[in-house]
């Protein structure tokens with residue numbers, strides 16, 4: 438009895454010292470407790486008191502869930518059971534104290550699984566370079582600061598950046614300026630135009646995911662290259678986009694409208710007709726006629742009012758559908774949105790690191806879909822000279838033809854190749870990249886096929902005039 442009493446007293450003392458720890462269940466044999474710094478760092482534990490406690494130390498078991506992956510569970514159980522074994526008395530207090538310290542000081546708790554995936558991905562991305570002299574990509578973690586130092590290398594190109602995890606991750610707070618993952622570029626040998634485009638899209642992906650979008654939607658909507666303002670769909674595309682859909686509802690509405698119109702027509706004919714007394718020789722019963730016409734007018738008004746109300750209700754329903762479709766196209770129906778209008782933030786660290794690794798690794802060796810040659814030169818200094826060349830230099834003019842351009846579809850082209858693709862027939866062509874196949878757009882070229890055709894025809898006319906002039910001379 439005294440043994441049970443001592444355990445209850447120890448638990449009561451620990452609860453008074455750490456009121457943030459929630460204890461829903463407590464018995465002389467075991468207790469269940471939870472602690473959280475934020476809703477996304479909630480850790481649940483079970484403490485079992487064996488016979489002979491505290492001579493035999495208590496046993497700590499951590500529940501595995503969405504917050505606690507197997508790796509974190511194993512680490513915490515090993516560390517907390519060691520604390521219990523090293524403490525002769527007051528083991529509950531010692532275990533809780535260590536758990537609270539770990540959760541409060543380690544900002545990687547809510548992204549532990551993602552972090553492990555990031556480390557493995559960076560290491561695997563350099564697996565082919567393990568025996569070469571090329572510089573390796575690295576990822577360094579600082580758990581107390583919630584900071585990740587990422588150094589990505591491919592051939593002679595590199596990007597060094599820092600990622601700071603918000604204390605409220607995957608949500609955000611004022612600590613990182615409203616970003617669940619704050620991305621900061623420290624150094625690179627890519628030109629500023631390319632790095633700005635890359636960093637802006639990466640941070641925009643994080644912003645959209647913390648608003649609740651899926652990774653794929655966030656990626657699509659964060660495209661740094663926008664469709665040209667003067668872009669117009671051709672007639673076939675317009676017909677396909679706005680083609681009426683024949684459904685059961687539309688057929689039912691058509692039938693209903695037809696029946697309503699027939700009723701109105703019959704009532705109007707009745708109102709216009711005369712009513713004769715039975716068995717008469719052409720005598721008109723004016724009293725009966727007036728009553729029939731009055732009843733017909735009332736029926737028409739009632740039917741018209743009912744149909745008007747039904748039409749208004751249908752219009753409101755269609756408007757709601759249109760608004761919902763617009764929101765769905767914008768990507769905001771990827772996740773469940775409760776009645777309160779809040780949106781569940783999505784974990785974005787792994788998506789962010791994946792995006793950076795793929796961009797650095799992929800862009801360096803990407804081929805132009807038109808000429809099938811490398812978009813970026815092997816030497817980074819040569820690439821910088823292309824971007825920084827003077828417009829009046831003839832040699833620089835040739836270099837600028839090889840300037841990399843990213844199109845709306847996500848592929849990279851040489852400037853001269855892209856200009857030929859967009860300004861010469863056939864117009865409105867799809868991306869030649871076999872893995873893409875989307876329509877090619879860039880803001881520096883018109884998106885209107887008709888305009889491109891007119892400009893090309895005018896250019897051809899000028900060339901013919903020059904040829905004729907040369908032939909005459």
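Residue numbers (the numbering used here): 438 to 910.
Here a beta-carbon is modelled for each residue, glycine too, at the ideal position from N, C-alpha and C.
Tell me whether the beta-carbon of residue 784 lies closer than 8 Å to the beta-carbon of residue 607. It is a contact, given that the beta carbons lie within the stated cut-off.
Should the region 510-527 be called in touch with the region 489-497, which here means at least 3 C-beta pairs below 8 Å? At 8 Å Cβ cutoff, the stretches touch.
With the cut-off set at 8 Å, would you say residue 794 and residue 643 are in Cβ contact? Their beta carbons are not under 8 Å apart, which means residue 794 does not touch residue 643 by this criterion.
What first and last residue would you give for the beta strand (DSSP E) that runs through residue 498? That run of the beta strand (DSSP E) goes 496-499.
Of all Cβ atoms in chain B, is any one closer than 8 Å to the Cβ of residue 453? Protein chains in the displayed structure number just one, and chain B is not present.
Alpha carbon to alpha carbon, what distance is there between residue 538 and residue 655? Distance between the alpha carbons of residue 655 and residue 538: 35 Å.
Inspect the beta-carbon positions of residue 540 and residue 645 and report whether they are closer than 8 Å. No; because the gap between Cβ atoms is not below 8 Å, this pair is not in contact.
Are there three or more Cβ pairs, one per stretch, closer than 8 Å when the region 832-842 is compared with the region 859-871? Contact fails: fewer than three Cβ-Cβ distances are below 8 Å.
Own chain residues within Cβ distance below 7 Å of residue 801, not counting five before or after: 591, 592, 594 and 813, listed in sequence order.
Taking the alpha-carbon positions, what's the residue 716 to residue 746 distance? Low per-residue confidence applies at residue 716: pLDDT is 49, beneath 50, and the placement is therefore not dependable enough to give any value.
What do you get for residue 907, buried or exposed, if any count of 16 or more other CB atoms within 10 angstroms of its CB means buried? Residue 907 comes out exposed.
With DSSP as the reference, label residue 804 as helix, strand or coil. Here residue 804 sits in strand by DSSP.
Start and end residues, beta strand (DSSP E) containing residue 471: 467-472 is the span of the beta strand (DSSP E), which, as asked, contains residue 471.
Whole-angstrom Cβ separation of residue 586 and residue 599, contact assumed at under 8 Å? Confirmed, Cβ separation roughly 6 Å.
Is residue 826 helix, strand or coil when you go by DSSP? Of the three classes helix, strand and coil, the one that applies to residue 826 here is coil, per DSSP.
Give a yes or no on whether the C-beta atoms belonging to residue 922 and residue 805 are separated by under 8 Å. Since the first and last residues shown for the chain are 438 and 910, residue 922 lies out of range.
For residue 815, which three-state DSSP category applies? The DSSP-derived three-state label of residue 815 is coil.
Quick check on the burial criterion: 16 or more other C-beta atoms within 10 angstroms. Buried or exposed for residue 621? That one is exposed.
Rounded distance between the beta-carbons of residue 470 and residue 458, thought under 8 Å: Cβ-Cβ separation between residue 458 and residue 470: approximately 5 Å, consistent with a contact (criterion under 8 Å).
For a test of the three-state rule: what should DSSP assign to residue 574, helix, strand or coil? In the structure shown, residue 574 sits in coil (DSSP, three-state: anything other than H, G, I, E or B).
With a Cβ-Cβ cutoff of 8 Å, do residue 846 and residue 811 count as a contact? Contact: no.
Does the beta-carbon of residue 523 have 16 or more other beta-carbons within 10 angstroms, so that it is buried, or is it exposed? Exposed.
From which residue to which residue does the alpha helix (DSSP H) around residue 618 run? Careful: residue 618 lies outside any alpha helix (DSSP H), inside the beta strand (DSSP E) at 618-625.
Which whole-angstrom value describes the C-beta separation of residue 628 and residue 821, a residue pair presumed to lie in contact below a C-beta threshold of 8 Å? Distance from residue 628 to residue 821 at the Cβ level is roughly 6 Å; contact confirmed, criterion being Cβ atoms closer than 8 Å.
Status (buried if at least 16 other CB within 10 Å, exposed otherwise) for residue 413: Outside the displayed span of the chain (438 to 910) sits residue 413, for which this structure offers no information.
Bounding residues of the beta strand (DSSP E) (the contiguous stretch that carries residue 588): Segment 584-591, the beta strand (DSSP E) holding residue 588.
Taking the straight line between their C-alpha atoms, what separation do you get for residue 580 and residue 826? Taking the straight line from one Cα to the other gives about 44 Å.
Coarse secondary structure for residue 636, derived from DSSP in three states: The answer is helix: DSSP assigns residue 636 an H, G or I state.
Identify the residues that DSSP records as bridge partners of residue 482: which are they? Per DSSP, 470 and 499.
Tell me where the beta strand (DSSP E) around residue 507 begins and ends. Premise fails: residue 507 lies in the alpha helix (DSSP H), 507-523, not in any beta strand (DSSP E).
Helix or strand or just coil, what does DSSP make of residue 535? Residue 535: helix per DSSP, three-state reduction.
For residue 841, which beta-bridge partners are listed by DSSP? Note: residue 841 sits in a beta bridge opposite 851.
Run through the DSSP bridge pairs and tell me what residue 594 is partnered with. In DSSP, residue 594 forms a bridge with 591.
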